[in-house]
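Residue numbers (this note's numbering), protein chains in the order written: chain A, 1 to 149; chain B, 1001 to 1399. Idealized CB from N, CA, C, for every residue including glycine. The structure presented is a predicted model; accordingly, all values stated were derived computationally and were not measured.
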Amino acid sequence: MGMYNEKVMEHFTNPKNTGVIENADAVGTYGSPVCGDMMEISLKVENNVITDAKFRTFGCGSAIASSSVATEMIKGRTLEDALKLTNQNFVDELGGLPGAKIHCSVLAEQAIKTAIYMYAKEHGLELPGLEGFDPDSEFDHEDGEEDES
Amino acid sequence: MREIYLDYSATTPVKQEVLTEMLPYFTGKFGNPSSLYQKGYEAKEALSLARARVAELIGALEKEIYFTSGGTEADNWAVVGTAKSRKSKGNHIITTKIEHHALLHTCKQLEKEGFDVTYLDVDKSGLISLKQLKDSITDKTILISIMYANNEVGSIQPVREIASIAKEKGILFHSDAVQALGNVPINVKDLGIDLLSVSAHKIYGPKGVGALYVRKGLTITNLLQGGGQEYKRRAGTENLPGIVGFGKAAQLAGENLDNHITTITELRNYFLAEIQKRIPDVDVNGGMVHRLPGNLNLVFNYVEGEAMILYMDMKGIYASTGSACSSASFSASHVLAAMGLPVEKAYSSVRFTLGDFTTKDDIDFAVNEITMIVEKLRSISPFDKEHDMETAQNCNCPA
Chain A
1 MGMYNEKVME
11 HFTNPKNTGV
21 IENADAVGTY
31 GSPVCGDMME
41 ISLKVENNVI
51 TDAKFRTFGC
61 GSAIASSSVA
71 TEMIKGRTLE
81 DALKLTNQNF
91 VDELGGLPGA
101 KIHCSVLAEQ
111 AIKTAIYMYA
121 KEHGLELPGL
131 EGFDPDSEFD
141 HEDGEEDES
Chain B
1001 MREIYLDYSA
1011 TTPVKQEVLT
1021 EMLPYFTGKF
1031 GNPSSLYQKG
1041 YEAKEALSLA
1051 RARVAELIGA
1061 LEKEIYFTSG
1071 GTEADNWAVV
1081 GTAKSRKSKG
1091 NHIITTKIEH
1101 HALLHTCKQL
1111 EKEGFDVTYL
1121 DVDKSGLISL
1131 KQLKDSITDK
1141 TILISIMYAN
1151 NEVGSIQPVR
1161 EIASIAKEKG
1171 ILFHSDAVQA
1181 LGNVPINVKD
1191 LGIDLLSVSA
1201 HKIYGPKGVG
1211 ALYVRKGLTI
1221 TNLLQGGGQE
1231 YKRRAGTENL
1241 PGIVGFGKAA
1251 QLAGENLDNH
1261 ITTITELRNY
1271 FLAEIQKRIP
1281 DVDVNGGMVH
1291 RLPGNLNLVF
1301 NYVEGEAMIL
1311 YMDMKGIYAS
1321 TGSACSSASF
1331 SASHVLAAMG
1341 LPVEKAYSSV
1351 RFTLGDFTTK
1361 DDIDFAVNEI
1371 TMIVEKLRSI
1381 SPFDKEHDME
1391 TAQNCNCPA
């Protein structure tokens, strides 16, 4: 086996929810090609529930797989619930990422936060989990524990 | 699954003739070349033949070849050995920004020990400027170390001119020829090179063996202390099977050189033409003139290199990327950066290196797969011609 487990490879080769939602209620982008990865996520929101999510990612296998699994996990969740998800949840759902690749899953967490932040701002919502969040600031997220390698 | 190996600059398979010649030296002919009895003599003879063969490939004398554990040791020895033996004459070394880490990290270490190092720039073709080289020379300069050809983009430096500048100023010239060996004609006498590093596993020989050519009459400080092997310059019982393999590989490389250069260059150019025919928005890193025959370093705009590698791996196609997010701090290739390539393009770069076992059929298969992979990855990328990567420079990443 290579550096990734089967589930990661499955999400990498057949990523779920790729593309852009027409008339999306919220769009968030995070990262930059200068950093080596960037994710754009678009959401459909009804009654505070994420009913659809799509992504486009420029990044490594781990970034693409995390994007895929993250969009799967936020669908059907309320905005508050979605904000509770961290990159570690995505890593766990993927059955682990190599230690050096854990940080690539942060991209998905931050892109989701950014999209919800934009939505909340537009609709005047105060959501727990967004206090102090600034999509333009450098994140200082911990990479988390080393997982399966 | 079909395997298409396009990473010959990383390493090469050992050729059958090479392996056949090596095998007896693991078992029946296992003697130590230093032993005085027949078995030792037999080993010593083999050592001498291998040395002559490696010498011939680079136009050196047999006595100027010192076997090492590989290219890294040869580079370390050349630089550290020169620095130590010439430190009374000066403490300045000139090298380039695109050297292999065996050279760069050695220079960094010497800087900590009080040496001054100038790292020459390269242009977008990956070539140094002879003017900058001349301007960098001071009365303290003791060594110029410039690679013969680059491992990532295959750029071949003006070695003859560099050697002549060094000679004129009485400065030693070392060249890391690990990538160049077997891919370009090399004649150290004709070129006027003082020290040259080579390695076996890039020319279809075994891993773990290399050599440093040290011009006759030149002495640099030894790296290893121990027995009197390698004319008392490189201690340690010789890796005889490896050295025998290196010798055979060198002989084959010499015999095959003209054909190798012609064939591989044609195949590489065909590969590039097919890629450009099938896939839009692909750039070539480096120039096509002073370039190693099998090297192709491409930017697949809007997709990330490591994702490409991973996909190709699944299809049995092996290539490499010099830039990867392998740790919390992303690292882009130091070579592409020195060539002035924007970092986002470095992340979209993939290196293909062709070799003696690459066929046109392999290339056709690879081009087909690569076309589909790029299409797939581009379909999920937030970038395209209208949404160029350069416009999305706001970096909120931990780099």
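Check	Outcome
Residues in the stretch 26-60 of chain A having any Cβ partner in chain B nearer than 9 Å	T29, Y30, G31, S32, P33, V34, C35, G36, D37, M38, M39, E40, F55, R56, T57, F58, G59, C60
Chain-ordered neighbours of T18(A) on chain B, where CB pairs are closer than 8 Å	S1379, I1380
At least 3 beta-carbon pairs within less than 8 Å: the stretch 1015-1033 of chain B vs the stretch 1330-1340 of chain B	no
Backbone CA spacing between Y1347(B) and K1376(B) [nearest angstrom]	17 Å
4-residue-minimum alpha helix (DSSP H) runs that sit fully inside the stretch 71-139 of chain A, ordered along the chain	79-84, 87-93, 106-123
Inter-residue spacing [alpha-carbon to alpha-carbon] between L1047(B) and L107(A)	56 Å
Assigned secondary structure, G1070(B) (DSSP; H/G/I helix, E/B strand, else coil)	coil
Minimum Cβ-Cβ distance from V1303(B) to chain A less than 8 Å	yes
Chain B within 8 Å of G95(A), Cβ atoms only	no
8 Å Cβ cutoff, T13(A) in contact with chain B	yes
Proximity below 8 Å, CB of L1212(B) to CB of A1074(B)	yes
Cut-off 7 Å between Cβ atoms - residues of its own chain near I1412(B), not counting five sequence neighbours on either side	Residue 1412(B) lies beyond the stretch modelled for chain B, which goes from 1001 to 1399, so this question has no answer here.
Cβ-Cβ distance between S1175(B) and M1147(B) below 8 Å	yes
Cβ pair count under 8 Å reaching 3, the stretch 1063-1070 of chain B against the stretch 1253-1269 of chain B	no
Proximity of T1011(B) and K1202(B) at Cβ, strictly below 8 Å	yes
L1224(B) at chain A interface by Cβ criterion, 8 Å	no
Same chain only: Cβ atoms within 7 Å of F55(A), ignoring 5 sequence neighbours per side	N17, T18, M39, E40, I41, S67, T71
Cβ of L1298(B) within 8 Å of any chain C Cβ	As a matter of chain content, chain C is missing from the structure shown, whose protein chains are A and B.
Alpha carbon of A1093(B) to alpha carbon of L1133(B), nearest angstrom	In the sequence as presented, Ala is not what sits at residue 1093(B); that position holds Ile. Roughly 11 Å between the two C-alpha positions.
8 Å Cβ cutoff, Y1318(B) in contact with chain A	no
Among Q1109(B), K1039(B), M1288(B), nearest to G1126(B) - alpha-carbon criterion	M1288(B)
Where S1348(B) falls: helix, strand or coil (DSSP)	coil
Cβ pair I116(A), L130(A) closer than 8 Å	yes
Per DSSP, cross-strand counterpart(s) of V1299(B)	D1283(B), S1349(B)
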